[in-house]
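Remember, my numbering sits 349 above the position in the sequence shown when you count from 1.
No residue lacks a Cβ here, since even glycine has one placed at the ideal position from N, Cα and C.
All values derive from a computational prediction rather than experimental measurement.
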Amino acid sequence: MHHNFRPLQREKLSKGKDGFVAADFATTEIRGAVPLNPILWFHQAEERMYLCVYQHKNLTILLVIPASSLINGEEGIAHVKRHLLENASQNIVTVEQKLSRGWGGENAYHVGGYRYILSDPNRKVSRASPPGKVITLSKDSLLALNRLRGEIDLEKSRAKRSDPTHDKDYEVCIRAKNNAWIIAKISRGKELYMAIEKGGETLLYASTAVEKFSNRYCEGAFSAD
C-alpha cells in the first residue's frame, strides 16, 4: 500500500463508512478500495504522524499517532480505529448528546440563579457564569467575592509551603454588606466560588443551593459526604 505525499487538500478529504476521514484510497486485490489516513510531517521532531479524524454528528475527535509507534502502518491504524469504535462508541454518543444539548453560545455555562466560577486545575478545566450575567451582581458582591478569592489563595500558598504533597480542602461562607452569600469550596483540588444575592435567605438555603449545584453540574465534587 503506497501513499501519495502532497499537501492536504480539502476537496480530496472524504468520510468513510466507519466515520473516519480519508485523504485518499488505495486499491488492493483482496479488499478493493481501502481508505488511507492523512499523514502529517512534524518538522521539529522530523517524524511522520498519522492523523485520524472521527466524526459523529456534531462531535469531531482527532488522534495524532506517531508512525514509528506502529509496526504495520495502515494495518496498525485500522486496529486503533476498531479498538476506538469497539470500546468508546457509547461514550462518544453520550458526549455528543451532552454537548449538543448543553451548548448555548455565549450563555453556554449560565445556570439560572447562580453566579459562579468553577475550576479543576488537575484536568485543566474551568468554566464560569458568562460576563453578561456576572455584571448583574452588585458592587458589594463582586468586592466580597474577589476579597474571598484572594484570602483563599493566600491560605493555599501557606498550606502548600507547609505540606506540598497534599491539597487542603476549604469551605467558607460569608455575608457581604448587601446580605449576599459569598461561598468558596475547595475539594481535592477542584475550586468553586459562588455569589447568591438573596439577602433574605438563610445560611441553610445557601448551603442547600451549593449542594444542588454540585450534584447537578459537578458530579457531586463539592457535596457533603
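Excluding the 5 residues preceding and the 5 following Val370 in the sequence, name in chain order all residues of the same chain whose CB lies nearer than 6 Å to its CB. So the list reads Leu362, Lys364 and Val402, once near-sequence residues are dropped.
According to DSSP, which residues form a beta bridge with Tyr403? Looking at the DSSP assignment, Tyr403 forms a beta bridge with Phe369 and Ile410.
Under the rule that 16 or more other beta-carbon atoms within 10 Å means buried, what is Ile532, buried or exposed? Ile532 is buried by the Cβ-count criterion.
Do you know offhand how far Glu520's Cα is from Thr409's? Between Glu520 and Thr409, the C-alpha separation is close to 38 Å.
Assign Asn386 to one of two classes, buried (16 or more other C-beta atoms within 10 Å of its C-beta) or exposed (fewer than that). Under this definition Asn386 is a buried residue.
Over what stretch of residues does the beta strand (DSSP E) that includes His476 continue unbroken? In the sequence as presented, His is not what sits at residue 476; that position holds Arg. Residues Val474 to Ala477.
Excluding the five sequence neighbours on either side, which residues of its own chain have a C-beta within less than 8 Å of the C-beta of Ala477, listed in chain order? The beta carbon of Ala477 is closer than 8 Å to those of Tyr458, Tyr465, Ile466, Leu467 and Val483 in its chain, skipping five residues each way along the sequence.
From Ala558 to Ala394, what distance separates their C-alpha atoms? So the two alpha carbons sit approximately 51 Å from each other.
Checking the sheet assignment: what are the DSSP bridge partners for Cys522? In DSSP, Cys522 forms a bridge with Ile532.
In terms of residues, what are the limits of the alpha helix (DSSP H) holding Tyr566? Run containing Tyr566: Leu552 to Tyr566, per the alpha helix (DSSP H) assignment.
Quick one: what's got a C-beta closer than 7 Å to Ala555's C-beta in the same chain, skipping five residues either side? Counting only Cβ-Cβ distances below 7 Å, and skipping sequence neighbours, we find Cys522, Trp530, Ile532 and Ile545.
Nearest candidate by alpha-carbon position, reference Tyr566, set Asp502, Asp518 and Ser475: Per the Cα distances, Ser475.
In whole angstroms, give me the CA-to-CA distance for Arg510 and Gly538. For Arg510 and Gly538, the distance between alpha carbons rounds to 16 Å.
From Glu435 to Gly368, what distance separates their C-alpha atoms? Cα to Cα, the separation comes out at about 13 Å.
What does the alpha-carbon distance come out to for the pair Asn564 and Glu445? A straight line joining the alpha-carbon of Asn564 with that of Glu445 spans about 21 Å.
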